[in-house]
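Protein chains in written order, with my numbering: chain V, 4 to 417; chain Y, 4 to 417.
Following this line, the structure appears as structure tokens:
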């Protein structure tokens with residue numbers, strides 16, 4: 004089947020899930036959760052094939068780890084589906100309703116977007132996460148997973164489709180592209196008459212390719228160059244904890260800190276001890292000239308380091324003159340993902356909150372909190388680093404639009 | 004100056020208007036309103052040059068009417084600017100704020116988008132409307148008006164820039180492209196590193212050209228093929244009034260009705276009288292076979308008529324079997340702009356509201372109400388007929404994004 008045919012079928016089936024009651028949608032999700040467990044052997048067997056193939060193809064161990072499904076990870080997928088079931092249904096919610104001077108009642112109602120294309124890579128749990136969010140928000144999807152996970156994805160898609168069918172809804176609302184060649188992506192992003200949105204989840208090159216060639220609007224998540232700024236009025240104990248957590252707790256993810264900015268007036272009391280903490284955790288530091296006065300073992304930072312998303316135990320460190328220079332640095336080198344200030348000073352906290360326009364701006368908290376689950380959205384479809392439609396972690400609400408509903412009594416315009 | 008340079012200057016200046024207080028922004032708007040009146044002779048003189056050139060170039064009278072500025076129209080522009088001044092400032096508003104189980108306080112704050120490109124045609128008042136909305140929402144804009152209005156636009160832009168300067172803000176937040184050749188549009192829509200959004204306001208071919216070639220997200224307003232469905236349970240008096248108003252009150256605009264759908268059970272009592280009303284107003288009817296049984300003088304409708312946006316005193320009329328066929332028709336031929344049902348039946352009203360996913364869905368009201376001003380948004384930037392970011396009339400809120408703000412007390416993730 005061509006991608007266009009898959010998308011056409013999805014579009015034709017989508018009104019069925021749009022009309023389904025919340026109860027019915029939750030029943031489908033519960034059935035998926037149940038069948039993921041009942042069919043765990045089948046899932047794990049298919050996943051073993053993927054892992055075997057990956058090893059044959061010389062795929063690295065980090066990728067194989069992302070690919071792997073075992074009972075623990077299946078339980079994780081089940082938990083995620085159950086969470087989506089427990090969230091309120093966004094569809095049909097009226098977010099405001101006002102009476103106009105002429106008596107017309109005007110409100111806005113949440114509706115599903117329609118059909119959404121999602122392009123992703125090795126992790127097969129994305130198939131389940133996205134399907135669950137789509138079902139709950141009454142959208143159809145066209146999924147294109149990575150070639151490495153194809154056997155796992157085929158079984159997972161079957162589990163999902165069976166659950167949808169069992170509730171009398173067409174399983175075509177979940178379209179899955181079995182041919183993982185790049186041409187199918189090109190085909191997908193030209194379907195502006197069928198898809199409302201395309202979400203590429205993966206490396207920067209995939210996202211750039213999709214953005215530059217798509218006729219369908221794209222939800223962009225370019226990268227996370229997250230900063231923590233330790234202000235001169237920082238509480239040092241909070242600063243040590245936050246800067247350790249933001250860098251080390253899970254360095255491979257997009258909300259980990261990549262650059263540490265330190266106010267010059269606190270550098271002497273903060274940097275020597277902080278660098279010792281990092282040393283214990285094997286974090287490589289790349290510092291500006293002033294940083295290297297306090298941390299002799301830090302490597303010199305180059306201009307490229309300020310732009311870098313290391314996703315590793317490496318950290319760029321810069322001492323700044325004041326909060327203005329910190330904000331300037333973030334605006335110039337940041338990626339609009341997540342930036343935090345550590346300070347006890349009210350005015351500086353408010354300035355940082357108001358003047359830094361990243362998708363998440365934090366005071367005295369680790370950048371690692373920038374996440375749909377931590378914000379109370381349940382699962383997330385992605386983290387948008389551009390401002391249109393959704394900005395930051397995007398959950399069920401991001402998969403909806405607001406239409407205007409107008410109630411009159413024979414009103415005409417004069 | 005190249006379009007890139009204009010946009011770069013706008014981007015560099017935008018933080019000034021982002022930081023400006025609501026009072027300061029309103030002062031700028033009041034100053035614009037005042038100077039539009041003080042400098043009305045200068046404005047009208049420059050407009051006369053445009054009109055002279057248009058006449059020389061054999062431009063039609065409808066276009067010349069759109070182009071024309073006189074004291075009455077200047078008063079209209081002033082009223083529009085004053086209305087924007089009177090609206091609440093969207094920037095800095097926190098739309099929700101929740102305490103998470105771990106004590107983190109997580110909210111969402113409205114922020115300006117940044118720099119927005121607007122491409123428009125003959126009407127010079129758009130220059131003033133867009134500038135006012137941009138200033139109030141703390142955005143910078145790059146404007147590209149039509150060549151016909153270039154002299155008027157240059158003076159209007161000068162009035163706006165002078166008012167901005169007089170409050171100590173850089174006038175570069177309003178960028179204006181003086182060269183009206185098509186190449187400058189191509190240049191603008193490739194500036195994905197500087198512009199957050201492009202809004203083409205004009206004919207369908209302009210919008211298609213921009214959509215297909217833009218790397219910047221586009222707010223699309225394709226066309227308005229609006230329907231009124233007269234249900235079998237319609238109150239006939241309301242139906243006559245609404246169907247007259249929706250077609251005749253201002254046929255040249257996008258929220259005028261283009262197709263009338265009539266339930267077969269009410270056709271006999273509704274169509275003969277309704278057609279007489281239309282006849283008096285010189286409305287040409289193009290009907291389906293059944294329609295023509297009741298209205299002998301109606302021309303036969305072809306398949307193309309169901310897709311047509313006439314913007315004129317022409318109306319396509321179709322008798323349908325039931326509400327399902329009406330909804331199907333709207334989904335197939337409609338443009339997601341505005342559709343209305345006339346009915347006294349509760350269940351049919353709710354079905355129409357829930358199942359028709361156009362940007363405005365109405366019960367017992369004329370489609371002509373679909374408009375930012377009528378909905379209480381003040382002026383509008385445009386009417387989006389695609390669901391992403393904004394759907395339907397788009398006012399100040401549509402020019403903003405929501406960033407996440409997080410307040411912690413040394414919180415780290417475990």
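Glycine included, every Cβ here is placed at the ideal spot set by N, Cα and C. None of these values were measured; they are calculated from a predicted model.
Under the Cβ criterion of 7 Å, residue 269(V) is not counted among the residues facing chain Y. Linking residue 34(V) to residue 290(V) through their CA atoms gives a straight-line distance of about 53 Å.
Residue 223(Y) sits buried, since 16 or more C-beta atoms from the chains shown fall within 10 Å of its C-beta.
The beta-carbon distance between residue 226(Y) and residue 338(Y), rounded to whole angstroms, is 5 Å. This is short enough to meet the 8 Å contact definition. Per DSSP, reduced to three states, the secondary structure at residue 285(Y) is coil, with no helix or strand assignment.
Residues of chain V with a Cβ closer than 8 Å to the Cβ of residue 366(Y) are, in chain order, 409, 410 and 411. With contacts defined as CB atoms closer than 7 Å, residue 128(Y) and residue 66(Y) fail to qualify as a contacting pair. Secondary structure at residue 332(V): helix, using DSSP grouped into helix, strand and coil. Look at residue 237(V) here: in three-state DSSP terms it is coil, with no helix or strand label. Residues of the stretch 281 to 312 of chain V whose Cβ lies closer than 8 Å to any Cβ of chain Y: none. Its Cα nearest to that of residue 245(V), the residue 370(V) stands out among 13(V), 9(V), 77(V) and 370(V). Taking C-alpha positions only, residue 328(V) is separated from residue 334(V) by approximately 10 Å. Judged by DSSP in its simplified three-state form, residue 73(V) adopts coil rather than helix or strand. Comparing alpha carbon positions, the residue from 121(V), 320(V), 162(V) and 150(V) closest to residue 143(V) is 121(V). For a cut-off of 8 Å, the C-beta gap from residue 361(V) to residue 406(Y) is around 7 Å, short enough to register as a contact.
Here the alpha carbons of residue 134(Y) and residue 163(Y) stand approximately 8 Å from one another. According to DSSP, residue pairing for residue 7(V) in a beta bridge does not occur. Think of a sphere of 9 Å around the beta carbon of residue 101(V): the chain Y residues whose beta carbon falls inside it are 378 and 379, in chain order.
The Cβ of residue 109(V) sits closer than 7 Å to at least one Cβ of chain Y.
In the three-state DSSP reduction, residue 179(V) falls in the strand class (E or B). Residue pairing by DSSP places residue 364(Y) opposite 408(V) and 342(Y) in a beta bridge. For residue 145(V), the uninterrupted beta strand (DSSP E) segment begins and ends at 143 to 147. Interface criterion not met: the Cβ of residue 347(V) is under 7 Å from no Cβ in chain Y. For residue 290(V), the secondary structure class from DSSP, reduced to helix, strand or coil, is strand. For residue 93(V), the nearest beta carbon of chain Y is not closer than 7 Å to its own beta carbon. It is roughly 31 Å from the alpha-carbon of residue 62(Y) to the alpha-carbon of residue 302(Y). Only 389, 390, 391, 392, 393, 394, 395, 396, 403, 404, 405, 406, 407, 408 and 409 from the stretch 389 to 409 of chain V bring a Cβ to less than 9 Å from some Cβ of chain Y.
Taking 7 Å as the threshold, the shortest C-beta distance from residue 232(Y) to chain V does not fall below it.
Judged by DSSP in its simplified three-state form, residue 101(Y) adopts strand. When only Cα atoms are considered, residue 373(V) and residue 343(V) end up about 10 Å apart. Spatial neighbours of residue 116(V) in its own chain (CB-CB distance under 7 Å, excluding positions within 5 residues in sequence) are listed in chain order as 142, 199, 200, 402, 403 and 404. Excluding the 5 residues flanking it on each side, residue 123(V) has same chain C-beta neighbours closer than 7 Å at 129, 148, 149, 204 and 205, in chain order.
Beta-bridge analysis with DSSP links residue 403(V) to 115(V).
For the 7 Å CB-CB criterion, residue 341(V) and residue 248(V) do not form a contact. Residue 414(V) has a beta carbon lying within less than 7 Å of a beta carbon in chain Y. Residue environment analysis places residue 353(Y) among the exposed positions, since fewer than 16 neighbouring C-beta atoms fall within 10 angstroms of its C-beta.
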